[in-house]
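Counting in the numbering used here, the sequence shown runs from 23 upward without gaps.
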Amino acid sequence: MRYTTKTEYGVVCLAHMARRSTNGAVTVKEIAEKESFSPDYVEKILHTLRSANIVRSHQGKQGGFSLARHPSEITLKEVIEALEGATFDVFCEPEVRENIVCTHYGMCGIRPVWDRTKEVLDHLYGGITLEMMAGGERESRGLIAVER
23 MRYTTKTEYG
33 VVCLAHMARR
43 STNGAVTVKE
53 IAEKESFSPD
63 YVEKILHTLR
73 SANIVRSHQG
83 KQGGFSLARH
93 PSEITLKEVI
103 EALEGATFDV
113 FCEPEVRENI
123 VCTHYGMCGI
133 RPVWDRTKEV
143 LDHLYGGITL
153 EMMAGGERES
163 RGLIAVER
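If you want it as structure tokens, here you go:
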């Protein structure tokens, strides 16, 4: 499973917004310069996140983007679903790929593993908020009990 740069950059942009000490709008230019991302790509990502009610856009001199909700109310699952469509695609599911007909679907031994993988990821990502991720690597590792 691999997420696209759209999701990776989206999470970085949102963490940048969550770490700001003021609640004012952040410009695309500010994020792009700080994170060394293409301004056009940042803008595209933020528009997608706006459509998912994760960020708001503001017009005018003080314009830019801000979080639509407090960082503690925005989950990683929500961000991934907004930018990828799902946390994990079970490729053979009829709901995911209507045009694929698997002759083994009814007696497949692999599908339950993929289904459970999706459930575990949804649960994990649903419990991780933007506020938690904005704290930095040490805090994030503590959240999921990962040691290196």
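Just so it is clear, CB atoms sit at the ideal spot from N, CA and C, and this is done for glycine as well.
- Between residue 151 and residue 88, the CB-CB gap reaches or exceeds 9 Å.
- Judged by beta-carbon spacing, residue 143 lies beyond the 9 Å limit of residue 29, meaning their Cβ atoms are not closer than that value.
- Linking residue 34 to residue 154 through their CA atoms gives a straight-line distance of about 13 Å.
- According to DSSP, residue 82 shares a beta bridge with no other residue.
- Apart from the 5 residues on each side of it in sequence, residue 78 sits with its Cβ closer than 6 Å to the Cβ of 88 and 90 in its chain, given in chain order.
- When the alpha-carbon of residue 80 is set against those of 46, 36 and 141, the nearest one is in 46.
- As DSSP reads the structure, residue 70 sits in no beta bridge.
- Under DSSP, residue 142 takes part in no beta bridge, so it has no partner.
- When the five nearest sequence neighbours on each side are left out, the beta carbons in the same chain lying within less than 6 Å of the beta carbon of residue 50 are those of 61, 64 and 65, in order along the chain.
- For residue 57 and residue 146, the gap between their C-alpha atoms comes out near 26 Å.
- Of the candidates 68, 25 and 24, the residue whose Cα lies closest to the Cα of residue 38 is 68.
- The DSSP-derived three-state label of residue 77 is strand.
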